[in-house]
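Trainee: Residue numbers (the working numbering): 58 to 262. The C-beta atom is built at its ideal place from N, Cα and C for all residues, glycine as well. So that we are looking at the same thing, I have put the structure below in structure tokens.
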Ligand code: MN3
């Protein structure tokens, strides 16, 4: 039974960057929905029971039933992606990366600012719904990519781990920002908890 990440802050805590109603709807409706649908789907295939969500998402091809594979891809992706998203946000997190993560960001993107520009550009240019990612390869190197729908880099490549994701589905920003996705993406960086991102980076490299 997969459990939804427990928010460490209130629905209103990320104001004014993410509004209370968006946070409440996103967490209690969208994320809860993905979680419930994932659990229902996993019940349908004995081979999936006991696997971690990462093991399932890295091996979608092993699910023979195509409708079930699609259900797991969409809802398992939605489950995992939102667990990451909500866990790296905080109203009072560390404002900038330090140490090994900062060093790697500077190596791969020249600077913290240029990394944010690259990940933001991918978020803004993603057509329709999807995500923009900062991910770490097994050797510690970092890469910025984007994916459609609830896909994520785990589905594409072995040994890659997203450490930051920007949700650019309209449900993540439309109540406050309407069509101005770029304003939401800009605001997103104000509430990233770099301590949480550093911990994810340390765990995989
Ligand atoms: Mn979402």
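Return yes when the C-beta of residue 205 is under 7 Å from any heavy atom of ligand 3, and no when it is not.
Mentor: With respect to ligand 3, the structure offers nothing, as its ligand set consists of ligand 1.
Trainee: Report whether the distance from the Cβ of residue 224 to the nearest heavy atom of ligand 1 is below 7 Å.
Mentor: Checking every heavy atom of ligand 1 against the Cβ of residue 224, one is found closer than 7 Å.
Trainee: Is it buried or exposed, residue 210, if we count other Cβ atoms within 10 angstroms and call 16 or more buried?
Mentor: Buried is the call here.
Trainee: Give the C-beta separation of residue 64 and residue 169 to the nearest angstrom, bearing in mind that I take them to be a contact with Cβ-Cβ under 8 Å.
Mentor: In fact, because the Cβ distance is near 26 Å, the residues do not count as touching under 8 Å.
Trainee: Assuming residue 131 contacts residue 62 under a Cβ cut-off of 8 Å, what Cβ separation, rounded to an integer in Å, is found between them?
Mentor: Rounded, the Cβ-Cβ distance is 18 Å, inconsistent with contact.
Trainee: Output needed for residue 151: all residues of its chain with C-beta closer than 7 Å, excluding positions within five of it in sequence on either side, in chain order.
Mentor: Counting only Cβ-Cβ distances below 7 Å, and skipping sequence neighbours, we find 250, 251, 252.
Trainee: Of the residues 110, 175, 219, 173, which one's Cα is nearest the Cα of residue 193?
Mentor: Nearest option by C-alpha distance: 219.
Trainee: Can we count residue 74 as close to ligand 1, meaning its CB is less than 7 Å from some heavy atom?
Mentor: For ligand 1, not one heavy atom lies less than 7 Å from the Cβ of residue 74.
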